[in-house]
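Q: Numbering-wise, our numbering puts 70 at position 51 of the sequence shown, and it's gapless, one number per residue.
Take a look at the following structure, please.
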Amino acid sequence: MGGFIGGLSIGPIADKDGRRAALAATTVPLAIGTLICGGANSFATMMLGRFITGIGVGASSQIVPLYLSEVSPPGLRGTLNGFRRVFYVVGCLLAFQLAVPLQEGAMPFGIGAGGGGGGGDRGGIG
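Shown next as structure tokens:
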């Protein structure tokens, strides 16, 4: 839901204040949402942080290709936006692949949901 709101709201900002200012504005909800998620001690707080972060993600998913197209040389616009999309998808793939061992607590040095604490310590929210 936050991504939908962010995606729809960034267009007028980009038209009024410029593409660079709109791109810089996307960092605000990304940073605030991340801080809220990092300090969350309840499910509701985590969802609030994810909603706010979603606003930034939705806005950046609209403004980044536009900005990149405007600052790229005409002969490279499609190529650069294509690379951006490929790297985004590869990053998602790697994140999903890393999530499995983190979820199962199989990462070394006690990293992950298991926390290595034993005794029922899930190391997560709740």
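We put the CB at the ideal spot given by N, CA and C, even for glycine.
According to DSSP, simplified to helix, strand and coil, what is Pro-84?
A: Pro-84 falls in the helix class under three-state DSSP.
Q: Note down, in chain order, each residue of its chain lying with its Cβ closer than 6 Å to the Cβ of Tyr-86, except the 5 sequence neighbours on either side.
A: Cβ neighbours of Tyr-86 beyond the five flanking positions: Arg-38, Leu-42.
Q: Pro-84 and Asn-60 - do their beta-carbons sit closer together than 8 Å?
A: No, they are not a contact pair.
Q: Using CA coordinates, which residue listed in Val-76, Ala-78, Gly-52 is at the minimum distance from Met-66?
A: Answer by Cα proximity: Gly-52.
Q: Within a Cβ cutoff of 6 Å, which residues of the same chain sit near Gly-73, ignoring the five residues on either side of it in sequence?
A: Taken in chain order, the residues that qualify are Gly-21, Gly-22.
Q: Would you give the residue range spanned by the alpha helix (DSSP H) that Gly-57 belongs to?
A: Run containing Gly-57: 46–57, per the alpha helix (DSSP H) assignment.
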